[in-house]
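Going by this note's numbering, the first residue of the sequence shown is number 1, and it counts up by one from there.
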Amino acid sequence: MGIWDFEPSEVEFSKFNASDAMPGTQEKLFTMAERARKGLPLWHVHDRDDVESAPPSVILRRKPR
């Protein structure tokens with residue numbers, strides 16, 4: 001059956017890594033499955049969300065203006 005309303009506890013984004021995996025890829029699905037197993041949120045604010053966005057490592061290195 002499965003748990004269809006999985007909602008993990010809130011976790012600060014600094015406590016787990018963003019993913020550079022493209023949405024819909026095996027790598028992204030693996031990342032999300034790992035997060036679910038660990039009780040983490042499925043998405044990170046800095047996860048890569050399209051082909052044109054910068055990888056998380058680039059986003060995190062940028063200095064705020």
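A virtual CB, placed ideally from N, CA and C, is assigned to each residue, including glycine.
Going by alpha carbons, who is nearest to residue i out of the options?
| i | options | result |
| --- | --- | --- |
| S53 | G2, G39, M22 | M22 |
Which same chain residues end up closer than 7 Å to residue i when comparing Cβ atoms and leaving out the 5 residues on each side of it in sequence?
| i | result |
| --- | --- |
| L40 | P8, V11, F16 |
| K28 | S19, A21, M22 |
Please list, in chain order, all residues of the same chain as residue i whose beta carbon is under 6 Å from its beta carbon, the five residues on each side excluded.
| i | result |
| --- | --- |
| T31 | S19, A21 |
What does a CB cutoff of less than 8 Å around residue i pick up in its chain, not counting 5 residues either side in sequence?
| i | result |
| --- | --- |
| V51 | M22 |
Below 8 Å on the Cβ atoms is my contact criterion, and I expect residue i with residue j to pass it. Report the Cβ-Cβ distance as a whole number of Å.
| i | j | result |
| --- | --- | --- |
| L42 | R48 | Actually they do not touch by this definition, with Cβ atoms about 14 Å apart. |
Check: Which full runs of the alpha helix (DSSP H) of 4+ residues lie inside the stretch 1-54, going along the chain?
Finding: 26-37
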